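What follows is a set of notes on a single structure, which appears directly below.
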Amino acid sequence: MPDIHVSAAVIVDDAGRVLVVRKHGTTRFMQPGGKPEPGESAAQTLIRELDEELGLRLAPDDLRPLGTFVSEAANEPGHRVIAEAFAATVDPSAAAVRAEIAELRWIMPSDLATLPLAPLSTEHLLPIAWSSPTAGTGAPAD
């Protein structure tokens with residue numbers, strides 16, 4: 035199965051909502067992020083993608099590494115996604131739809147049953163977001 039390498043952000047607001055996005059021409063929501071350009075680190079990729087797609091300006095110190103996660107790709111059948119994930123905190127009012135993003139939503143666990151989500155989100159990243167009250171704050175989780 036071909037691999038797609040990406041960087042992904044787990045962004046939780048003070049109300050415990052998690053930011054997900056849907057790209058133009060797709061139906062599933064996922065964590066914001068994207069594919070690296072040549073020579074970019076995972077953190078550099080995420081910082082660039084968050085700025086391009088949502089107008090969020092973050093510095094490397096704003097990101098807390100969560101690990102590497104593998105799931106079936108949401109939008110490319112027969113591929114798997116390998117994601118370097120990071121937690122970050124942003125002002126929810128600062129996020130805006132830009133570039134290839136069609137829609138953004140701040141979701142709660144109650145949205146899982148009705149919102150089409152990417153496997154990476156449901157299998158790995160949303161459970162992390164909601165398992166620890168400090169997942170998106172940059173504070174160490176217990």
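In my numbering, the protein residues as written are 35 to 176.
From the three backbone atoms N, C-alpha and C, an ideal C-beta is built for every residue, glycine too.
Since we're looking at a predicted model, the values are computed, not measured.
With respect to residue 51, residue 87 sits apart: the two C-beta atoms are not nearer than 8 Å.
For a cut-off of 8 Å, the C-beta gap from residue 162 to residue 55 is around 17 Å, too long to register as a contact.
In the three-state reduction of the DSSP assignment, residue 39 falls in the strand class, which pools E and B. Note: residue 67 is bridge-paired with 42 in the DSSP secondary-structure output. Inside the segment 72-113, DSSP marks whole beta strand (DSSP E) runs of 3 or more residues at positions 98-106, from first to last along the chain. Beta-bridge partners of residue 55 (DSSP): 64, 138. Taking C-alpha positions only, residue 137 is separated from residue 152 by approximately 14 Å.
Between residue 35 and residue 76, the alpha-carbon positions lie close to 22 Å from each other.
Within the same chain, Cβ atoms closer than 7 Å to the Cβ of residue 100 are found at 44, 119, 120, 121, 162, the five residues on either side in sequence being excluded.
Boundaries cannot be given for residue 146, as no alpha helix (DSSP H) includes it and DSSP labels it neither H nor E.
In terms of Cβ geometry, residue 40 and residue 67 form a close pair [threshold 8 Å]. Closest in alpha carbon position to residue 60, among 79, 111, 81, 84, is 111.
Taking 8 Å as the cut-off, the Cβ atoms of residue 117 and residue 62 do not count as close. Excluding five sequence positions before and after residue 114, the CB atoms of its chain that fall closer than 8 Å to its own CB belong to 35, 36, 37, 38, 104, 105, 106, 107, given in chain order.
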